[in-house]
Amino acid sequence: MSRRPSLGLTLGAAISAVFVLAALGSLLWTPYRVDALDIAQRLRPPSWSHPFGTDHFGRDGLSMILVGARNALAVSLVAVGLGMAVGVPLGLLAAARRGLADELVMRANDVIFAFPALILAILITAVLGPGAINAVIAIGVFNIPVFARLTRGSALSLWTRDYVLAARAAGKGPARISLEHILPGLVSALIVQATLQFSLGIIAEAGLSYVGLGTQPPNPSWGRMLNDAQVLIGTAPLQAVFPGLAIVITVLGLNLLGDGLRDRLDPRLRGGR
Amino acid sequence: MALLEIDDLKLTIDGIPILKGLSLRLDAGQVLGVVGESGSGKSMTALAVIGLTPDEAKVEGAIRFDGQEQLGLAEADRQRLRGRAIGMVFQEPMTALNPVMTIGDQVAETARLAGVGRAEARRLARRALDRVGLPAEVAPPGRYPHELSGGQRQRVAIALAVVLSPRLIIADEPTTALDVTTQAQILALLKQLTAEDGAGLILVSHDLAVVAQMADHVAILKDGAIVEQGETAALFANLTQPYSRTLLADAARVPIRHRQPDLAAAPALEAIGVTRAYPGPRRWLRAGAPVEAVSAVSLAIRPGEIVGLVGESGSGKSTLLRTLLALEAPQAGEVRLGGEAFTGARAQRRRIQVVFQDPHGSFNPRWTVERLVAEPLHLLDAPPTAAERRRKVEAALDQVGLLAEAADRYPHQFSGGQRQRIAIARALIVEPSVIALDEAVSALDVTVRAGVLDLLAQLSDRLGLAYLFVSHDMGVVRGLTDQVLVMKAGVIVEQGPTAAVFAKPRHPYTAQLIAATPDLDRALAARAGRLSGGPAPSR
Numbered sequence: 001m002s003r004r005p006s007l008g009l010t011l012g013a014a015i016s017a018v019f020v021l022a023a024l025g026s027l028l029w030t031p032y033r034v035d036a037l038d039i040a041q042r043l044r045p046p047s048w049s050h051p052f053g054t055d056h057f058g059r060d061g062l063s064m065i066l067v068g069a070r071n072a073l074a075v076s077l078v079a080v081g082l083g084m085a086v087g088v089p090l091g092l093l094a095a096a097r098r099g100l101a102d103e104l105v106m107r108a109n110d111v112i113f114a115f116p117a118l119i120l121a122i123l124i125t126a127v128l129g130p131g132a133i134n135a136v137i138a139i140g141v142f143n144i145p146v147f148a149r150l151t152r153g154s155a156l157s158l159w160t161r162d163y164v165l166a167a168r169a170a171g172k173g174p175a176r177i178s179l180e181h182i183l184p185g186l187v188s189a190l191i192v193q194a195t196l197q198f199s200l201g202i203i204a205e206a207g208l209s210y211v212g213l214g215t216q217p218p219n220p221s222w223g224r225m226l227n228d229a230q231v232l233i234g235t236a237p238l239q240a241v242f243p244g245l246a247i248v249i250t251v252l253g254l255n256l257l258g259d260g261l262r263d264r265l266d267p268r269l270r271g272g273r
Numbered sequence: 274m275a276l277l278e279i280d281d282l283k284l285t286i287d288g289i290p291i292l293k294g295l296s297l298r299l300d301a302g303q304v305l306g307v308v309g310e311s312g313s314g315k316s317m318t319a320l321a322v323i324g325l326t327p328d329e330a331k332v333e334g335a336i337r338f339d340g341q342e343q344l345g346l347a348e349a350d351r352q353r354l355r356g357r358a359i360g361m362v363f364q365e366p367m368t369a370l371n372p373v374m375t376i377g378d379q380v381a382e383t384a385r386l387a388g389v390g391r392a393e394a395r396r397l398a399r400r401a402l403d404r405v406g407l408p409a410e411v412a413p414p415g416r417y418p419h420e421l422s423g424g425q426r427q428r429v430a431i432a433l434a435v436v437l438s439p440r441l442i443i444a445d446e447p448t449t450a451l452d453v454t455t456q457a458q459i460l461a462l463l464k465q466l467t468a469e470d471g472a473g474l475i476l477v478s479h480d481l482a483v484v485a486q487m488a489d490h491v492a493i494l495k496d497g498a499i500v501e502q503g504e505t506a507a508l509f510a511n512l513t514q515p516y517s518r519t520l521l522a523d524a525a526r527v528p529i530r531h532r533q534p535d536l537a538a539a540p541a542l543e544a545i546g547v548t549r550a551y552p553g554p555r556r557w558l559r560a561g562a563p564v565e566a567v568s569a570v571s572l573a574i575r576p577g578e579i580v581g582l583v584g585e586s587g588s589g590k591s592t593l594l595r596t597l598l599a600l601e602a603p604q605a606g607e608v609r610l611g612g613e614a615f616t617g618a619r620a621q622r623r624r625i626q627v628v629f630q631d632p633h634g635s636f637n638p639r640w641t642v643e644r645l646v647a648e649p650l651h652l653l654d655a656p657p658t659a660a661e662r663r664r665k666v667e668a669a670l671d672q673v674g675l676l677a678e679a680a681d682r683y684p685h686q687f688s689g690g691q692r693q694r695i696a697i698a699r700a701l702i703v704e705p706s707v708i709a710l711d712e713a714v715s716a717l718d719v720t721v722r723a724g725v726l727d728l729l730a731q732l733s734d735r736l737g738l739a740y741l742f743v744s745h746d747m748g749v750v751r752g753l754t755d756q757v758l759v760m761k762a763g764v765i766v767e768q769g770p771t772a773a774v775f776a777k778p779r780h781p782y783t784a785q786l787i788a789a790t791p792d793l794d795r796a797l798a799a800r801a802g803r804l805s806g807g808p809a810p811s812r
């Protein structure tokens with residue numbers, strides 16, 4: 001059954017690995033300090049000393065991108081974690097209990113789904129106040145129904161399996177069956193969804209930071225860098241290129257990884273053995 | 274000239290031989306039965322004839338249809354023969370039909386693909402549906418497959434095959450997914466259609482009795498080769514190969530039991546007027562009228578007794594079983610286990626265990642056999658230590674004839690019959706007094722089934738186990754059980770000692786079920802009677 005991973009999966013995994021390494025690496029070392037302003041060196045084009053150039057405060061572009069990766073990673077990781085931590089148990093509960101519990105969970109999901117995600121995230125951060133933590137909450141809330149729905153749907157089909165019936169005949173209760181038989185069967189679907197939600201989280205974080213509601217200065221963020229660059233588009237057009245590329249490539253890589261994992265892990269898409 | 278001649282057909286997939294040089298022959302107006310167990314290559318033979326083998330398959334030898342060699346033909350030429358000259362009926366009518374296309378359009382499409390005009394195609398489709406017993410009053414051509422019953426769907430699938438009156442029809446297990454009474458109708462229909470058109474029929478089946486009843490010639494396949502073949506009556510009268518003899522013996526195997534159940538003993542499991550209803554189709558904001566899947570069913574199973582529960586799909590067997598297992602609560606009546614009301618409490622569940630039909634689906638594929646078999650140990654008051662657990666698992670595996678090493682492997686590493694033994698071991702581990710077997714041998718091949726039935730009989734003898742044996746297979750029920758219950762539309766219509774019920778059914782439905790069940794001896798006797806007055810068989 002061991003097949004060669006597809007090109008998309010390999011590429012996606014490689015890009016995602018670079019992204020995570022860059023984010024973690026920035027904790028230990030960056031070429032320059034991102035809080036060190038050097039007005040004399042402002043708005044420099046890419047050079048050997050500053051591969052990605054410098055911004056309007058003379059901060060090093062590469063260092064900003066690396067630290068921005070760390071912020072993007074942290075925000076979307078926690079947001080996906082929040083979505084899974086709340087959504088998966090809710091989905092398991094809905095599938096195990098059916099009836100009223102199911103209706104309540106799913107209708108609450110429908111309500112959240114009814115709002116455009118980014119608009120409501122803006123509303124949440126506007127109410128709670130701008131900042132990375134509030135951005136995490138705003139993005140995480142929208143991950144809850146995604147995971148609850150996925151979990152419930154897959155769990156419902158697992159509940160009809162004979163081995164679940166056998167476990168019930170063996171006297172196991174719904175909670176124990178959910179943990180022992182249902183959840184392990186969902187892991188691959190959840191991993192795939194988490195990867196895709198992760199890339200959506202990065203876009204959402206960039207979006208919120210772009211409008212000034214996410215990561216706050218002086219902490220660098222890809223969205224914020226794009227916003228800064230917008231003003232200077234006439235004088236220093238290259239300013240927008242690197243954060244833009246960072247977002248596009250990272251999201252592309254995560255999506256490739258998610259799709260590749262889905263093809264590999266989802267038995268329904270597996271053509272024969 | 275023969276309609277179809279297959280000469281030394283060899284088929285390999287990725288270098289693995291699937292068919293190892295088989296030769297068959299079929300004359301127009303004749304029925305060729307191809308029997309074998311799963312993996313014997315019988316379906317692949319059928320696919321090779323119509324040219325639908327998998328892309329990676331390499332086919333050698335000769336397949337002459339109407340004198341024309343098929344194997345060298347271009348795909349376009351073979352495609353032209355399909356539908357027009359060769360029709361095919363598949364096993365599973367639900368998946369063989371397009372769910373989003375009306376049945377009239379589907380049948381007409383076959384004709385359209387052969388270049389027939391639109392109006393003419395519609396006329397042909399109407400005629401084909403009439404011929405298979407689906408006149409417009411019964412099933413208007415605007416119906417979709419899901420609006421039909423299983424038997425009606427299979428009739429549509431047959432209409433697809435016969436719409437252009439092909440000279441050869443290939444039916445691959447056409448009745449395996451159907452109930453016995455429906456099976457009898459479909460078989461009769463196939464026979465009638467081929468007789469009317471003077472077409473040849475290749476009937477692929479795992480069921481010796483079906484083949485003996487239908488076919489003029491029979492070929493017995495094993496591992497991609499023909500074990501023996503010949504004219505049906507002569508072949509069965511004089512089987513020379515040990516494999517085909519075993520097959521014949523196993524098909525009619527009656528497990529030997531040494532212990533008689535004590536009829537005076539108090540019932541181990543008892544149902545008193547059990548009714549289980551489901552809410553009917555929901556109306557706008559109102560619950561629908563309840564539909565009773567099981568109504569007022571009473572039964573009693575004594576220690577050591579094997580009670581059969583027979584009935585067709587939809588008769589409420591499975592619902593009754595779940596209610597007896599306290600997996601569903603009855604709306605009325607009571608289930609009593611060992612003399613006390615069975616509520617599903619843990620201490621009670623130890624006394625009743627269950628084995629399901631599907632040896633693939635009844636195990637969590639991620640668990641080792643040890644963990645699977647040990648699952649019911651959870652019902653013990655004190656969970657056993659790891660060593661004790663292992664010992665119990667090994668003892669249970671030993672009882673079902675498996676080695677202790679099996680405990681460390683995963684279910685997919687076992688064959689269907691072995692998996693069913695593992696399922697029985699899982700049921701045995703808490704030493705229950707009753708085991709409910711839901712179609713437990715239905716998915717198994719004849720010889721494997723015989724082994725599992727023997728095992729069940731032995732275990733009942735040795736441990737005094739009582740079984741509730743739910744099955745649609747009248748033959749198996751007749752061989753194994755002491756008492757039999759016949760269920761129809763949620764009601765037990767007849768019950769009594771198995772021998773008496775089979776010898777003298779009182780309810781017409783029971784009689785109908787017994788008559789519809791293919792029976793090898795009866796089929797051969799009928800054939801002998803028919804042939805003694807008729808012309809000598811060709812070939």
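Protein chains in written order, with our numbering: chain A, 1 to 273; chain B, 274 to 812. Backbone N, C-alpha and C fix where the C-beta goes; we use that ideal spot for every residue, glycine too.
Which chain B residues sit within Cβ distance under 8 Å of residue i?
i: D263 (chain A); result: Within 8 Å Cβ-Cβ: nothing; D263 (chain A) doesn't reach chain B, min ~20 Å.
i: H181 (chain A); result: N637
By the criterion of Cβ-Cβ separation under 8 Å, what are the contact partners of residue i in chain A?
i: E648 (chain B); result: A166, A167, A170 and K172
i: L597 (chain B); result: Near L597 (chain B) there are no residues of chain A at all, since even the closest Cβ is about 11 Å away, more than 8 Å.
i: L710 (chain B); result: Within 8 Å Cβ-Cβ: nothing; L710 (chain B) doesn't reach chain A, min ~12 Å.
Could you give the C-beta distance for residue i and residue j, rounded to a whole number, given that I count them as a contact under 8 Å?
i: D755 (chain B); j: P778 (chain B); result: Not really, about 17 Å apart at Cβ, beyond 8 Å.
i: I475 (chain B); j: A319 (chain B); result: 6 Å
i: R395 (chain B); j: A381 (chain B); result: 5 Å
i: L582 (chain B); j: A739 (chain B); result: Wrong, their Cβ atoms sit about 13 Å apart, outside the cutoff.
i: A434 (chain B); j: G360 (chain B); result: 3 Å
i: I182 (chain A); j: A155 (chain A); result: 5 Å
Within 8 Å (strictly less), CB to CB, does residue i reach chain A?
i: D328 (chain B); result: no
i: S635 (chain B); result: yes
i: L542 (chain B); result: no
i: R609 (chain B); result: no
i: F742 (chain B); result: no
i: L320 (chain B); result: no
i: L653 (chain B); result: no
i: F629 (chain B); result: yes
i: L284 (chain B); result: no
i: L701 (chain B); result: no
i: R662 (chain B); result: no
i: L594 (chain B); result: no
i: L600 (chain B); result: yes
i: Q692 (chain B); result: The residue asked about is misnamed: residue 692 (chain B) is Arg in this sequence, not Gln. Not closer than 8 Å to any Cβ of chain A, the Cβ of R692 (chain B) fails to qualify, so no.
Taking all protein chains shown into account, do 16 or more other C-beta atoms lie within 10 angstroms of the C-beta of residue i, making it buried, or fewer, making it exposed?
i: V453 (chain B); result: buried
i: A566 (chain B); result: buried
i: I202 (chain A); result: buried
i: T658 (chain B); result: exposed
i: Q364 (chain B); result: buried
i: L793 (chain B); result: buried
i: H419 (chain B); result: exposed
i: P534 (chain B); result: buried
For chain B, check one thing: does any of its Cβ atoms lie closer than 8 Å to the Cβ of residue i?
i: A163 (chain A); result: The amino acid at residue 163 (chain A) is misidentified as Ala; the sequence shows Tyr. Output row for Y163 (chain A): interface = yes.
i: H56 (chain A); result: no
i: P5 (chain A); result: no
Mind listing the chain B neighbours of residue i? Cutoff is C-beta to C-beta under 7 Å, in chain order.
i: S184 (chain A); result: The question names Ser, but residue 184 (chain A) is Pro in the sequence shown. What P184 (chain A) touches in chain B: R639.
Applying a beta-carbon distance threshold of less than 9 Å, which residues of chain A neighbour residue i?
i: R526 (chain B); result: Ordered by position in chain A, no residue passes the 9 Å Cβ test against R526 (chain B), which lies about 26 Å from the chain.
At a cut-off of 7 Å, is residue i close to the ligand HEM when judged by its beta-carbon and the heavy atoms of the ligand?
i: M747 (chain B); result: Questions concerning the ligand HEM fall outside what the structure shown contains, since it holds no ligand whatsoever.
Who are the neighbours of residue i on chain A, taking C-beta pairs under 7 Å?
i: Q626 (chain B); result: A169
Check whether the segment 636-644 of chain B and the segment 684-697 of chain B touch, using three or more Cβ-Cβ pairs below 8 Å as the test.
yes
Tell me whether the segment 645-652 of chain B and the segment 170-178 of chain A touch, counting them as touching only if at least three CB pairs, one residue from each stretch, are closer than 8 Å.
yes
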